[in-house]
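Scroll down for the structure; my scribbles are underneath it.
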Amino acid sequence: MRQKRTSSVALKMLMAGTGILLVLFLFAHMAGNLKIFVGATAFDHYAHWLRDIGTPLLPHTWYLWIQRGALTVAVLGHIFAAVVLARRARAARPVRYAHRPKVQGSYAARTMRWGGVIILLFVVFHILDLTTGTANPVGDRQHPYANIVADFAPARWYVTLFYALAIIAIGFHLRHGIFSALRTLGQQSPRGERIGRAAALTLSLVLVVGYLSVPFAVLTGLVK
Ligand code: HEM
Numbered sequence: 081m082r083q084k085r086t087s088s089v090a091l092k093m094l095m096a097g098t099g100i101l102l103v104l105f106l107f108a109h110m111a112g113n114l115k116i117f118v119g120a121t122a123f124d125h126y127a128h129w130l131r132d133i134g135t136p137l138l139p140h141t142w143y144l145w146i147q148r149g150a151l152t153v154a155v156l157g158h159i160f161a162a163v164v165l166a167r168r169a170r171a172a173r174p175v176r177y178a179h180r181p182k183v184q185g186s187y188a189a190r191t192m193r194w195g196g197v198i199i200l201l202f203v204v205f206h207i208l209d210l211t212t213g214t215a216n217p218v219g220d221r222q223h224p225y226a227n228i229v230a231d232f233a234p235a236r237w238y239v240t241l242f243y244a245l246a247i248i249a250i251g252f253h254l255r256h257g258i259f260s261a262l263r264t265l266g267q268q269s270p271r272g273e274r275i276g277r278a279a280a281l282t283l284s285l286v287l288v289v290g291y292l293s294v295p296f297a298v299l300t301g302l303v304k
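Counting in our numbering, the sequence shown runs from 81 upward without gaps.
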């Protein structure tokens, strides 16, 4: 008897839906990070406010935990759909091409799997660095501004380099991911494709520049 299996379209919808949720988080997080340019008091106040979103309806930090739960489920769903879809694609072509065609889509499209793995490793390090403070030279959870300034100090240029490489990898991943999500959700005409491509590039660039601006502002002494 044939096993009943989830359709590939449903899996692509899962990838697109979870991906959009993660991109929305990335935009909100970037906007919050940019508050660092307003000053230490404003930035630390914002970080404390994050713990009070939803109060008094929700108890202190509940919103943050709901968000953490939703992000974890989204990441797991995204990886699950990616793995199943990749396996199906391989099973549909059990014999490898004798001559791999030279052009196999954009650089971003070809690096989705490794891009995803790098992003995952980055997020694990990032949480140990700026959420728990374990990997941070200051690691004071009450003062995230001080943690960031210590993190990207010129002497720790390798941390800035690691962040920069991870953020660029995220940019490539998003460029292809946003474009694919738009296609899954219905964009199919050549004009729609052009608009989708432009939108994916613009959104990814805004995120990359916004995220990179913080470590580079610390590195160059603009934020201290
Ligand atoms: C240079 C860029 C970045 C800076 C300066 C930064 C800064 C921070 C800070 C200060 C926190 C702790 C917030 C708090 O607990 O009050 C944090 C948490 C976090 N960041 Fe970033 N971040 C950056 C890039 C990213 C990127 C690219 C991602 C995702 C790919 C990301 C994902 C997260 C996550 C998941 C958390 C944990 C939120 C939580 O505690 O629930 N961050 N970040």
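Even glycine gets a Cβ: it sits at the ideal position worked out from N, Cα and C. None of the values given here were measured: they were computed from a predicted structure.
Could you check the C-alpha separation between residue i and residue j for me, to the nearest Å?
i       : j       : result
Arg-148 : Arg-168 : 30 Å
Leu-101 : Thr-121 : 30 Å
Val-229 : Lys-304 : 6 Å
Leu-265 : Leu-94  : 11 Å
Phe-160 : Ser-269 : 29 Å
Met-81  : Ala-172 : Note on Met-81: pLDDT 48, under 50, position unreliable in the model; the coordinate value appears next. Their Cα atoms are separated by approximately 20 Å.
His-158 : Leu-283 : 20 Å
His-140 : Arg-221 : 16 Å
Leu-138 : Leu-210 : 25 Å
Trp-129 : Arg-271 : 43 Å
Arg-193 : Gly-257 : 11 Å
Val-162 : Tyr-143 : The sequence shown places Ala at residue 162, rather than the Val named in the question. Cα to Cα, the separation comes out at about 28 Å.
Gln-267 : Ala-90  : 16 Å
Ile-133 : His-109 : 14 Å
Thr-152 : Arg-131 : 18 Å
Thr-135 : Ala-150 : 19 Å
Ala-215 : Leu-208 : 5 Å
Arg-170 : Val-294 : 40 Å
Phe-205 : Trp-237 : 16 Å
Glu-307 : His-125 : Residue coverage of the chain in this structure runs from 81 to 304, which leaves residue 307 outside it and unanswerable.
Ala-278 : Val-103 : 16 Å
Do residue i and residue j have their C-beta atoms within less than 8 Å of each other?
i       : j       : result
His-253 : Gly-213 : no
Phe-296 : Ala-280 : no
Ile-275 : Ala-246 : no
Phe-242 : Leu-299 : no
Phe-123 : Ile-116 : yes
Val-218 : Ala-226 : yes
Leu-292 : Ala-235 : no
Gly-290 : Leu-114 : yes
Cα-Cα, which of the options is closest to residue i?
i       : options                               : result
Ile-146 : Gly-251, Phe-105 and Ala-261          : Phe-105
Thr-86  : Leu-165, Val-103, Arg-255 and Arg-131 : Leu-165
Phe-202 : Ile-250, His-223, Gly-119 and Ala-235 : Ile-250
Leu-287 : Ala-111, Val-155, Ala-226 and Arg-277 : Ala-111
Gly-99  : Ala-261, Ala-215, Leu-114 and His-125 : Ala-261
Val-197 : Leu-292, Trp-142, Leu-156 and Ser-88  : Leu-156
His-223 : Ser-293, Val-289 and Ala-127          : Ala-127
Arg-255 : Arg-190, Leu-208 and Tyr-143          : Arg-190
Ala-154 : His-125, Glu-273 and Ala-96           : Ala-96
Ile-248 : Ala-278, Ser-88, Leu-285 and His-206  : Leu-285
Lys-92  : Glu-273, Arg-263 and Val-103          : Arg-263
Any chance the CB of residue i is under 7 Å from a heavy atom of the ligand GTP?
i       : result
Ile-198 : Among the ligands modelled here, namely the ligand HEM, the ligand GTP does not occur.
Threshold first: 4 residues or longer. Then list the alpha helix (DSSP H) segments lying entirely within the region 86-173, N to C.
DSSP runs (the alpha helix (DSSP H)) wholly in the region 86-173: 88-114, 120-130 and 142-171.
Segments assigned alpha helix (DSSP H), at least 4 residues, entirely inside the region 264-303
Taking only runs of at least 4 residues, the alpha helix (DSSP H) segments lying wholly in the region 264-303 are 270-299.
If we require 4 or more residues per run, which alpha helix (DSSP H) segments fall completely within the region 223-253?
224-231
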